[in-house]
Each structure stands twice: as structure tokens, then as C-alpha cells.
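In our numbering, the protein residues as written are 1025 to 1496.
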């Protein structure tokens, strides 16, 4: 899929047969070079008409086949390179948004915003190496995390697939049980130790039969590998491994078969954090992780939530924010644990305050048959408080005003013997207006809440003024 969501048609047997019929040989692949490559346009495939053409048009989507390229095509879970094909001797270029391979022919998919390109044109293949390095950080990290999972969960763990992009990586592995929080932390620590150790990444092309002798080698279950095959090792020299392939010491290093792009040293990764771990099928688990700046940003974001948790008691809002936050899984678990503890503490605090205030309000009622009770700066549930008071006090009426920094709660309770002389709704309405409250209820019990805290003094005055006009 290209960035404009156009799906490039499958480049399969019909198309490769047409190239073979034109005596076009498969593309020379110089993917591990880190410099531009000069090449010749051998064929142009029109994505709209699904035919080969001699010349492209501006803005349309094409697949360009070259005699050689340095671009990585999508393979082994790693996404393709992006970049451009610069027409030699001009300022014009073909922007490559995707790269695919079919039977050895590498197809550069994209478009040119202004210029056309023709078969036989000389171009310079220019890879977006900044983007490739981000991908390489993530790809090398999948190798190290694969090694770390084996250390934490044991040798029964096998890789079951991966996706490597410039933004994140996804790693699937076999396991009957998910990782707990401590195990995720242990995996992260092992990976981070490898990163901070600054271990060199070595690659070598080795006969497939020779690789089978390496006891510590990790390979993707069910994958078919070429012969010879590329071996990638982090922290050890492959030539040394081949001298004594059965040595147990090689289990301390990541050694895999892989054709992808990698960093030259683990220190380039800088940091790795696991965002999530979840089940993706029977016996299959999935990790999603970030590296480098994105990992650091995610960790810093998590630290902000710890600070916010200390400053705010709005547990419901914090809970929703933390659940969707892109922060490390270990931080998220720790935050949610703290939040649940905070919720429990607040419930207990509310119970305590409710009990104390109920007793205080009962005492305040004294011998009076009707009165206004005011409570300030306590985050209490006014309805619960009213129920607590009315259970203890019979044949008395009152209005309860509870003010916090965010709102004002109003609760009216008029006993049956006072209903003929005290209109509970009118009492509520005159007090509700200054704080812009709305409420409801029936009989002598009405409750509501307003958000205009600045009107509290006026509401309190109106509540008492209403009482002065009442004669019981």
C-alpha cells in the first residue's frame, strides 16, 4: 500500500514472465550499502492499466524495475525502504513509497509529481537512510528481545513472526502463558543491558548446513531460508561461533538468520520499552515495543502520570487517561496499581468523613425543627449524607449545602409533618439559581448540583431567607 492508500497490483508470474521475455535479468541487490547507487531503468509497470509502458506520466502510480538497487524490499517482517530515483542530469525524481520483490525482480513503487521517466533512463537510487536507521534500531531490537525472552521464559520459546517499522516493532512468540509485570521488567532490563554494553553487530554469509551446527542459533519456525544464508550476531563474532558452534557460551548472545538491515552497534538503539503484551491466538503472545527517542518519550510521559497522580484525586479521569496512554507496560501497571490503591483510600476517607459529618449535622440540628446546614471544602456525597441524617433524625426538616472547589451540592429533606407549610421544590429553586444547579426528586426530598461555585454565598443567604418566611 502506498501512502495515498492506492493498492499496487500483485506483481506475479505474468509480469515476471514478461520481463524474462524481454531478456531482463533479475535486479542486482546492493541493500547493505550505505551510499547511493547509479542504475538504469529496465521496465515500467503502469499500476492503473496493469501493463508495461515505455514512459511514465507525472502523478500516476508506477512500478519501476532497475538493473540494480540499494533499496530494501519488504521481507521478513521488515517494511520496505523509501527514498527516490533521481534522474541523472536533472532535478527531477521519482518518489519511492514502497519496494516489493517478485522472482528476483525488485519493483520500486511510487510516482513523480512533475516529470516523466522512461525505460533506459539513468537514475541515482537514493535511500532515506535516516528512516532506515530507525527501522534498523527496531529490527536489531527484535533479535535482542528474542534472546531475552529465551532467558526469562526458557528455551521452549520460539519466534512466531514480527513486524518492523520506523515507528515501532511487534514481536510474536510461542508461550502458553503471558508475561507478568515482573517478567516484562526483566526482559526490558536484559535488553537495556545489551544496549548499554555497546555490543557490535556482526553479519556473515554462511552455508545453511553450517548454521545448523550452531546450538544457540535462533530461527523463525516454519520459515524457508536461502542457501547460503546471512547470519546476524549481537555481541560476538560469527567466525568465532563457527569454530566451536556447540559451545554453551554462545547462548549469552543473540545469533539469528536474517536478511534485514541492522545497526552496527547495540548502543545506537539507546533505549527499548515494551508498550504491551497480549495473547494473539492459542499459544501465541505478542509484544509491541518502541526504541530510541520514541521509547524515551514514552517513558517520560509515564513519569508525568506519576506526578499527576500525586497532584490529583480525580481517579476516574486519571484511570481513563492512563489506560489509553502510550507509555511502557511496566509503568502503566504500576500507575494503575497506585490508582486502585488511591481509589480504595478515597472510599475509606469518604466513609470516615461521611460518618463525622453525619454526626456533626445531627448535633447541629439540636432542638430546631428546620434549618440550613452548610459544609465547605469536603468532597462528600450530599445524597448519602442526607440519608444518614434522616435515619437518625425524625420529624425535622433541613437543607444541606455542600461546597467543593468544583461544584455545590444541594439536598432538601422536608419531613411529612412539615410538607403543608414548607414547599421543598420552592426552597430548592431559590437556592439553586445562584449556583446554576439543576435537580430532581419527589415529595419532600429534592437534590441537585450546580457548577457556579462563586454563587455559593448568595445561595446560602437565599436558603436562610426562605426559612425566615416559614412559620411552623
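We treat Cβ as the ideally placed atom computed from N, Cα and C, and that holds for glycine.
These figures come from a predicted structure and were not determined experimentally.
Would you kindly report the start and end of the unbroken alpha helix (DSSP H) that includes residue 1493? Element bounds for residue 1493: n/a, residue is neither H nor E.
CA-CA distance, residue 1208 and residue 1222? 22 Å
May I ask which residues mark the beginning and end of the alpha helix (DSSP H) holding residue 1208? Per DSSP, residue 1208 belongs to the alpha helix (DSSP H) from 1205 to 1220.
Can you name the residues that DSSP bridges to residue 1280? Looking at the DSSP output, residue 1280 bridges to 1242, 1256.
Would you please state the rounded distance, in angstroms, between the beta carbons of residue 1394 and residue 1422? I believe it to be under 8 Å. 6 Å
Please name the residue in 1428, 1454, 1217 whose C-alpha comes closest to that of residue 1490. 1454
DSSP three-state call for residue 1028: helix, strand or coil? With a pLDDT of 45 at residue 1028, under the threshold of 50, the predicted position of this residue should be treated as unreliable, and no value is reported.
Less than 9 Å separating the beta-carbons of residue 1080 and residue 1118? yes
Heavy atom of the ligand SAM within 8 Å of residue 1310 beta-carbon: Ligands displayed in this structure: none; no statement on the ligand SAM is therefore possible.
When the Cα of residue 1116 is compared with those of 1129, 1095, 1146, which residue comes out closest? 1146
Does DSSP put residue 1369 in a helix, a strand or coil? In this structure, residue 1369 counts as helix in the three-state DSSP scheme.
Check residue 1036 in the structure and name its three-state DSSP category. coil
Mind reading off the beta-carbon distance from residue 1110 to residue 1150? Whole number of angstroms is fine, and I expect it under 8 Å. With a Cβ gap of about 6 Å, residue 1110 and residue 1150 count as contacting.
Helix or strand or just coil, what does DSSP make of residue 1164? Three-state DSSP puts residue 1164 in a helix.
Hey, which unbroken runs of the beta strand (DSSP E) at 3 residues or more fall wholly within the stretch 1390 to 1414? 1394 to 1400
Where residue 1114 sits in the DSSP three-state scheme: In the structure shown, residue 1114 sits in coil (DSSP, three-state: anything other than H, G, I, E or B).
Using only alpha-carbon positions, find the residue among 1344, 1217, 1426, 1099 that is nearest to residue 1378. 1426
Bridge partners for residue 1361 per DSSP, in chain order? Residue 1361 pairs with nothing; no bridge assigned.
So is residue 1069 buried or exposed if we call it buried at 16+ other beta carbons inside 10 Å? buried
Ordered along the chain, which non-local residues of its own chain (more than five positions away) have a Cβ less than 7 Å from that of residue 1480? 1427, 1432, 1459
Got a sec, what are the start and stop residues for the beta strand (DSSP E) residue 1193 sits in? 1193 to 1198
What residues in its chain sit with their C-beta under 8 Å from that of residue 1295, if we drop five residues either side in the sequence? 1216, 1219, 1315, 1316, 1319, 1320, 1323
Tell me, please, which residues DSSP counts as bridged to residue 1076. 1069
Verify the CB distance criterion: does residue 1038 have a CB-CB separation below 9 Å to chain D? No chain D appears in the structure shown, which is made up of a single protein chain.
Kindly give me the distance between the Cβ atoms of residue 1193 and residue 1173, rounded to whole angstroms, as I take these residues to be in contact under 8 Å. That pair is no contact at about 13 Å.
Give a yes or no on contact between the stretch 1256 to 1271 and the stretch 1076 to 1092, applying the rule of three or more CB pairs nearer than 8 Å. no
Give a yes or no on whether the C-beta atoms belonging to residue 1067 and residue 1088 are separated by under 9 Å. yes
So is residue 1462 buried or exposed if we call it buried at 16+ other beta carbons inside 10 Å? exposed
Which stretch, first to last residue, makes up the beta strand (DSSP E) that contains residue 1305? Run containing residue 1305: 1296 to 1305, per the beta strand (DSSP E) assignment.
Just the Cα atoms here: how many angstroms apart are residue 1180 and residue 1310? 16 Å
Grab me the residues of residue 1492's own chain with a C-beta within less than 8 Å of its C-beta, minus the 5 sequence neighbours each way, in chain order. none
Using DSSP's beta-bridge definition, name the partner residues of residue 1469. DSSP, once it has assigned bridges, lists 1437, 1466 as partnering residue 1469.
Considering just the uninterrupted stretch of the beta strand (DSSP E) at residue 1087, what are its terminal residues? 1086 to 1090
Give the secondary structure of residue 1485 by DSSP, where H, G and I count as helix, E and B as strand, and everything else as coil. helix
Apply the 10 Å Cβ neighbour rule to residue 1085 and answer buried if 16 or more other Cβ atoms are within range, or exposed otherwise. Flag for residue 1085 reads buried.
Counted within 10 angstroms of its Cβ, other Cβ atoms place residue 1285 as buried (16 or more) or exposed: buried
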